[in-house]
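Below is one structure, written out as structure tokens; comments come after it.
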Amino acid sequence: MRETAVDPIVGGEDGSLADRVWRNATDDPDAVQFVRPDPDPRSWPVRRSGGGGPLPVTCRQFRDDVLALARGFLAVGIAHGDRVGLLSRTRYEWTLVDYALWSIGAVTVPIYDTSSTDQIRWILGDSGAVGCVAETADHAATVTGLRPDLPELRHTWRIDAGDLIALTAQGRAVDVDEVDRRRTAVTGQDIATIVYTSGTTGAPKGCVLTHLNISTDIGNATAVLPELLHPGASTVLFLPLAHAFARLIQVGMVHSRATMVHSADMSGVLDQLRRFRPTFILTVPRMFEKMYDQARQTAQDGHRGLLFSLAEKAAVWYSRSLDRPGGPGLPLRLIHLVFDLVGYRRLRATLGGRCRMAIVGGAPLGEWLGHFFRGAGITVLEGYGLTETSPALAANLPTAIRIGTVGRPLPGVRVRIADDGEIHVGSEVVFSGYWNNPEATREAMTDDGWLRTGDLGRLDDDGYLSITGRTKEIMVTASGKNIAPAPIEELIRAHPLVSQSMLVGDGRPYVSALVTVDPQAWQRWRETHGHSGASLASLRDDPHLRGEIQHAIDKANRTVSRAEQVKTFRILPRDLTEADGELTPTLKVKREAVESHFATDISALYQRP
12 MRETAVDPIV GGEDGSLADR VWRNATDDPD AVQFVRPDPD PRSWPVRRSG GGGPLPVTCR
72 QFRDDVLALA RGFLAVGIAH GDRVGLLSRT RYEWTLVDYA LWSIGAVTVP IYDTSSTDQI
132 RWILGDSGAV GCVAETADHA ATVTGLRPDL PELRHTWRID AGDLIALTAQ GRAVDVDEVD
192 RRRTAVTGQD IATIVYTSGT TGAPKGCVLT HLNISTDIGN ATAVLPELLH PGASTVLFLP
252 LAHAFARLIQ VGMVHSRATM VHSADMSGVL DQLRRFRPTF ILTVPRMFEK MYDQARQTAQ
312 DGHRGLLFSL AEKAAVWYSR SLDRPGGPGL PLRLIHLVFD LVGYRRLRAT LGGRCRMAIV
372 GGAPLGEWLG HFFRGAGITV LEGYGLTETS PALAANLPTA IRIGTVGRPL PGVRVRIADD
432 GEIHVGSEVV FSGYWNNPEA TREAMTDDGW LRTGDLGRLD DDGYLSITGR TKEIMVTASG
492 KNIAPAPIEE LIRAHPLVSQ SMLVGDGRPY VSALVTVDPQ AWQRWRETHG HSGASLASLR
552 DDPHLRGEIQ HAIDKANRTV SRAEQVKTFR ILPRDLTEAD GELTPTLKVK REAVESHFAT
612 DISALYQRP
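Following my numbering, the numbering of the sequence shown begins with 12 at its first residue and continues without gaps.
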């Protein structure tokens, strides 16, 4: 059993996470804490002296907004420890509600805006929520329709109908000092939030996180990431705030008085990045995979494919040389400078031109792409964590990076690899348990008090952690061979035509793969090959298309043993989607759902000729 630990740099704060809002308003009241890109006065008041466009929100203004909404919640009887659902996309009002609830000792229960009716019913019912803030008419109608099943739910507020504004009007009858009294009564051990895991299997479980859990995590993360989280830094946050990783960045921006722009429209993310020019971003690896594919395709369309290939190799060579004693030599530095002038700057301009670092999690980026982007001037810091750990556990740092790993444990985190390869964690960031589910809580912990992550991994001699798979995703073929599918799937997915890949083979005689085609790449491919207007379903057995996918699989097969190699594959007629229940909101594949929806395709992989 291998183990490593990093001593904490700071301790968690024994109070409300909202205390930082009041502190910021005192220490630097005019610092810009948020920017509202296109504020809607019907959702929350717009205070400006004139003109339109983006609206900056200072630390003082944010404190005043939080205070006003907190008084409203008190006016309608929200008590210490009461749970309140929050069903919305990423927007200013999401953060405002979160901190207003924290300031009075209430508990936020985030719900993804894409959640199904059954998921919303389960989360509100299991948490015993007494109220729910919903963003849109559809959201509010769904919650209202569930009221007969939710006897404890007393209130529903709709953001885009001005209900939060009306709530603050009710709050004017509440003394300001009452908010201060409630806020200062909150301790670190009080529950801040119950986050229901989106989960790739089973019903969502509510992870109970305290104010101390989250403040410990962000305090130590901020201490080792001063290049990212500091006054003057900025980010455009477009991941759903219902996800614990995005939520931690929100808290980190408030903690460090950096500037955050909320972006709810995923389709307009690149426009927002060019518009607001963040210094760093938080995203999932798929965004960088798509950036790379688009850059390569654009170069090929402009008959610059060879130039891109050379620039790509130069970026990777340059990045790898940074990890060697002495760094890149003069010839490589000169080559890198030339390609920076003709290519890399254009790539960085896609992110606004100022972004030199990104944090990614949820899935592996891949070593080649990690080196490519660092060589092109964008250092991608892969990290690792779980909702149950508040959530950050490990991260690569600008001063301590090993591409291909998820970095070393953060300060205050202990990590060990069990004899069966599972990662165990011990830390103050570990949750106190699953809400209303003591049996699941017991199953999640070892006899000596460590959290079972469910992930497989390894630690190298320098303490860097690599994720090698999931314990529940290990396949055992009919011959008894144990196979971790994630590394092979990652390599297949690296092909520009591939959107998702999923291995099957549990209890089967050999390993096979289900592959989906990227919709944008598909449009280009069919035009190039003379199939304009044809559907993927009608061409998924086309020999040229299969040849492209076979090339990706052959490349992946060369990295594993014969027993682990993919023998055959099936191109699915459509991409996997969150709406169909096949992907989580962070784009992880829900294997059971895919196996159910495409059972006929899986059976075809094992039919004898």
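Note that the Cβ used here is the ideal one computed from N, Cα and C, for glycine as well.
Member of the options whose CA lies at the smallest distance from the CA of residue i
i, options, result
"N231", "H266, I434 and F249", "H266"
"P520", "V577, T69, F249 and H542", "V577"
"L556", "H241, A532 and T208", "A532"
"V154", "L178, S278 and S127", "S127"
"G377", "T416, R359, Q181 and I370", "T416"
"A215", "E189, I434 and N448", "Sequence check: residue 215 is Pro here, not Ala. Comparing Cα positions, the closest option is N448."
"R165", "A495, G139 and V197", "G139"
"W536", "V515, A524 and E559", "E559"
"L107", "A306, R463 and Q261", "Q261"
"T195", "R288, L284, E24 and D276", "E24"
"V487", "A574, D228, S477 and G340", "A574"
"S477", "M264, A374, I346 and V327", "A374"
"G292", "H91, A524, R71 and G364", "Correcting the residue type first, residue 292 is Ile in the shown sequence and not Gly. Selected option, being the one with the closest Cα: G364."
"R288", "T246, R258, L259 and G313", "T246"
"D76", "G64, D109, G63 and Q130", "D109"
"Y475", "L408, T233 and G423", "L408"
"P496", "R602, D431, G592 and G541", "R602"
"R74", "V526, D51 and A29", "A29"
Whole-angstrom C-beta distance between residue j and residue i, which should lie under 8 Å
i, j, result
"V522", "I582", "At roughly 16 Å, the Cβ-Cβ gap does not stay under 8 Å, so V522 and I582 are not in contact."
"R419", "I389", "R419 to I389, Cβ: 21 Å. No contact."
"H150", "D174", "The Cβ separation is near 12 Å, so there is no contact."
"H506", "A563", "4 Å"
"R425", "S438", "6 Å"
"V353", "T400", "Going by Cβ atoms, the distance from V353 to T400 rounds to 43 Å, so no, they are not a contact pair."
"L421", "A411", "The pair is not a contact, with the Cβ atoms about 11 Å apart (cut-off 8 Å)."
"G217", "W446", "3 Å"
"L587", "Q511", "5 Å"
"M513", "V605", "6 Å"
"I115", "F84", "6 Å"
DSSP state of residue i mapped onto helix, strand, coil
i, result
"S510", "strand"
"M264", "helix"
"R585", "coil"
"Q305", "helix"
"A203", "strand"
"W55", "coil"
"M12", "coil"
"Q534", "helix"
"Q576", "coil"
"L622", "The question about residue 622 has no answer here: the residues shown for the chain are numbered 12 through 620."
"E393", "strand"
"Y617", "coil"
"W461", "coil"
"E433", "strand"
"L404", "strand"
"S438", "strand"
"A140", "coil"
"Y475", "coil"
"I503", "helix"
"H91", "coil"
Spatial distance of residue i from residue j (CA atoms)
i, j, result
"G386", "S443", "41 Å"
"P296", "F609", "25 Å"
"P596", "I122", "11 Å"
"V571", "F256", "32 Å"
"G518", "K492", "10 Å"
"P686", "W461", "The first residue shown for the chain is 12 and the last is 620, placing residue 686 beyond what the model contains."
"A148", "D171", "8 Å"
"E393", "T479", "14 Å"
"L284", "H347", "25 Å"
"R47", "V349", "38 Å"
"R34", "V87", "27 Å"
"I503", "V197", "49 Å"
"P584", "L547", "6 Å"
"D186", "T482", "53 Å"
"V118", "L358", "42 Å"
"V120", "V219", "10 Å"
"W113", "E484", "37 Å"
"I414", "G381", "6 Å"
"R53", "E104", "12 Å"
"P336", "G372", "29 Å"
Test: residue i CB closer than 9 Å to a CB of chain B
i, result
"D351", "The structure shown has no chain B; it contains just one protein chain."
Using 8 Å as the threshold, is the stretch 256-276 in touch with the stretch 32-49, meaning 3 or more CB pairs across them? yes
Check whether the stretch 140-149 and the stretch 91-111 are in contact - that is, three or more C-beta pairs closer than 8 Å. yes
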